[in-house]
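Colleague: For reference, the structure I am asking about is given below.
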Amino acid sequence: CEEEVLITGCSSGIGLALAAKLATDGQQRFKVFATMRNLAKRSALEEAAGDALNRTLEIKELDVCSEHSIRKCVDTIPDRRVDILINNAGVGLIGPIECQSIQDMQAVFETNFFGVVRMIKEVLPDMKKRKSGHIVVISSVMGLQGIMFNDVYAASKFAIEGFCESLVFQTMKFNIFITLIEPGPVKTEFELKTYEEAERGDYSKTDPETADIFINYYLKNCKEIFSSLGQTPEDIAEHTLRIVTMETAPFRHQTNQVYTPVTALKYADPSGELVTNVFYKMVFQHDTLMHASLRAIKLLRWKANKVQQGARILGFM
Ligand code: NAD
Numbered sequence: 001c002e003e004e005v006l007i008t009g010c011s012s013g014i015g016l017a018l019a020a021k022l023a024t025d026g027q028q029r030f031k032v033f034a035t036m037r038n039l040a041k042r043s044a045l046e047e048a049a050g051d052a053l054n055r056t057l058e059i060k061e062l063d064v065c066s067e068h069s070i071r072k073c074v075d076t077i078p079d080r081r082v083d084i085l086i087n088n089a090g091v092g093l094i095g096p097i098e099c100q101s102i103q104d105m106q107a108v109f110e111t112n113f114f115g116v117v118r119m120i121k122e123v124l125p126d127m128k129k130r131k132s133g134h135i136v137v138i139s140s141v142m143g144l145q146g147i148m149f150n151d152v153y154a155a156s157k158f159a160i161e162g163f164c165e166s167l168v169f170q171t172m173k174f175n176i177f178i179t180l181i182e183p184g185p186v187k188t189e190f191e192l193k194t195y196e197e198a199e200r201g202d203y204s205k206t207d208p209e210t211a212d213i214f215i216n217y218y219l220k221n222c223k224e225i226f227s228s229l230g231q232t233p234e235d236i237a238e239h240t241l242r243i244v245t246m247e248t249a250p251f252r253h254q255t256n257q258v259y260t261p262v263t264a265l266k267y268a269d270p271s272g273e274l275v276t277n278v279f280y281k282m283v284f285q286h287d288t289l290m291h292a293s294l295r296a297i298k299l300l301r302w303k304a305n306k307v308q309q310g311a312r313i314l315g316f317m
């Protein structure tokens, strides 16, 4: 039977690729409500959807920052039935915090955190009544690990991860899955928009050393990371398709294996020393992410050995 999927932020990037992927599914398992804030930007999605348009894919207006817009959109869906909600809409913000206004920071939380909360509040009661559903959030590896100059963006993703970690116990009771998808870098407009804005920015409010690290080191390095390790929106769509078709969906799913050992460091060392050292070396001692990952794997193995030794001493092994 066809599942009704609502996706936010479908005018570009991951949302667009995902909406097209699900709507053109060979087994026709999905009816997709591909939503976007501004319908004037629908043409790229229409093109990607091809024959699926107005058959297995309908485009609707939805602004995740407006409860009214969300309610209006969901009310147009037959029986308000959303089997799978995919929270994809998001915005970025990079740079030294001294150069960002509190309003800029709040805007990130309005979309990345409260936007998802508003969506979940709208569909959860109906999912609970039906005792079924799947809520997917396109989070980020930055929902697990902070990265320099991404302070507020990472905080917004941490916030939604904390929200979902708490909510999942309740939803499990109602047979509703929650999955946090955690991509590393993805080559989309997101990256372009964020870096273009950063390049135009005024860094007079920070000290020259910080401005220099951001402009001459961070921005350049990021471009290299995106071009060498960046996935495509289609890759993320493929991962998400696999997740929403699983019998039992996982709570977390990372799409880029390079980041897995690095994000695991935090759990291996509660003091935070391992992870801060690895990232510091990556940034200031020109260590590559690949090297950091390899070292992280070695450190994790060493840590696992220590845990095993401890378990043996305590007689658990
Ligand atoms: P993108 O900029 O192409 O897509 C984001 C979409 O969200 C856009 O279509 C935008 O119009 C929409 N949006 C913004 N505010 C909205 C609002 N108030 N209401 C409705 N839609 C709104 O970038 P993307 O990379 O496809 O980003 C999608 C998601 O993936 C985001 O949540 C982002 O945080 C996450 N992500 C991106 C990357 C990356 O490197 N690009 C990495 C990890 C996670």
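Take the sequence shown: its position 1, counting from 1, is numbered 1 in my numbering, and each next residue is one higher. From the three backbone atoms N, C-alpha and C, an ideal C-beta is built for every residue, glycine too.
How many Å lie between residue 88 and residue 61 at the Cα?
Modeller: Position 88 of the sequence shown, counted from the first residue, corresponds to residue 88. Position 61 of the sequence shown, counted from the first residue, corresponds to residue 61. So the two alpha carbons sit approximately 14 Å from each other.
Colleague: Do the region 201-214 and the region 92-105 make contact, defined as three or more Cβ pairs closer than 8 Å?
Modeller: With the cut-off at 8 Å, the region 201-214 and the region 92-105 touch.
Colleague: Does the Cβ of residue 122 lie closer than 6 Å to at least one heavy atom of the ligand NAD?
Modeller: Taking the sequence shown and counting its residues from 1, one reaches residue 122 at position 122. Flag unset: Cβ of residue 122 not near the ligand NAD.
Colleague: If we call anything under 7 Å between Cβ atoms a contact, is residue 137 one with residue 180?
Modeller: On the sequence shown, position 137 is the one that residue 137 refers to. On the sequence shown, position 180 is the one that residue 180 refers to. Yes, the Cβ-Cβ distance between residue 137 and residue 180 is below 7 Å.
Colleague: Measuring straight from C-alpha to C-alpha, what distance separates residue 258 and residue 185?
Modeller: Within the sequence shown, residue 258 is the residue found at index 258, counting from 1. Within the sequence shown, residue 185 is the residue found at index 185, counting from 1. Cα-Cα distance, rounded: 11 Å.
Colleague: Once DSSP output is grouped into helix, strand and coil, what is the label at residue 308?
Modeller: Residue numbering aside, residue 308 sits at position 308 when the sequence shown is read from its first letter. Residue state, collapsed to three classes: helix.
Colleague: Can you find at least 3 beta carbon pairs, one from the region 157-176 and one from the region 123-141, that sit closer than 8 Å?
Modeller: Yes: the two stretches touch, three or more of their Cβ pairs being nearer than 8 Å.
Colleague: What does residue 84 pair with, by DSSP beta-bridge criteria?
Modeller: The residue given as residue 84 occupies position 84 in the sequence shown. For residue 84, which the question treats as bridged, DSSP gives the partners 5, 134.
Colleague: According to DSSP, is residue 172 helix, strand or coil?
Modeller: Position 172 of the sequence shown, counted from the start, is the residue given in the question as residue 172. In this structure, residue 172 counts as helix in the three-state DSSP scheme.
Colleague: Would the beta-carbon of residue 175 fall within 7 Å of that of residue 128?
Modeller: Your numbering for residue 175 matches position 175 in the sequence shown. Your numbering for residue 128 matches position 128 in the sequence shown. Contact flag unset, no.
Colleague: What is the DSSP secondary structure of residue 188, counted as helix, strand or coil?
Modeller: In the sequence shown, counting from the first residue as 1, residue 188 sits at position 188. DSSP places residue 188 in coil when its eight states are reduced to three.
Colleague: For residue 93, which beta-bridge partners are listed by DSSP?
Modeller: For the purposes of this step, residue 93 is taken as residue 93 along the sequence shown, with counting starting at 1. The partner list for residue 93 (beta bridge, DSSP) is empty, contrary to what the question assumes.
Colleague: Please check the pair residue 240 and residue 119, which I expect to be a contact at CB under 8 Å, by giving their CB distance rounded to whole angstroms.
Modeller: The residue labelled residue 240 in the question sits at position 240 within the sequence shown. The residue labelled residue 119 in the question sits at position 119 within the sequence shown. So it is not a contact: roughly 16 Å between Cβ atoms.
Colleague: Please state whether DSSP places residue 142 in a helix, a strand or coil.
Modeller: Residue 142 sits at position 142 when you count from the first residue of the sequence shown. In the structure shown, residue 142 sits in a helix (DSSP, three-state: H, G or I).
Colleague: If you reduce the DSSP assignment to three classes, tell me which class residue 265 lands in.
Modeller: Position 265 of the sequence shown, counted from the first residue, corresponds to residue 265. Helix, per DSSP.
Colleague: Could you give the distance in angstroms between the alpha-carbon of residue 144 and the alpha-carbon of residue 263?
Modeller: The residue labelled residue 144 in the question sits at position 144 within the sequence shown. The residue labelled residue 263 in the question sits at position 263 within the sequence shown. Each residue's Cα considered, the two are about 6 Å apart.
Colleague: Could you name the residues that DSSP lists as bridge partners for residue 253?
Modeller: Numbered from its first residue, the sequence shown carries residue 253 at position 253. According to DSSP, which records beta bridges pairwise, residue 253 is partnered with 181.
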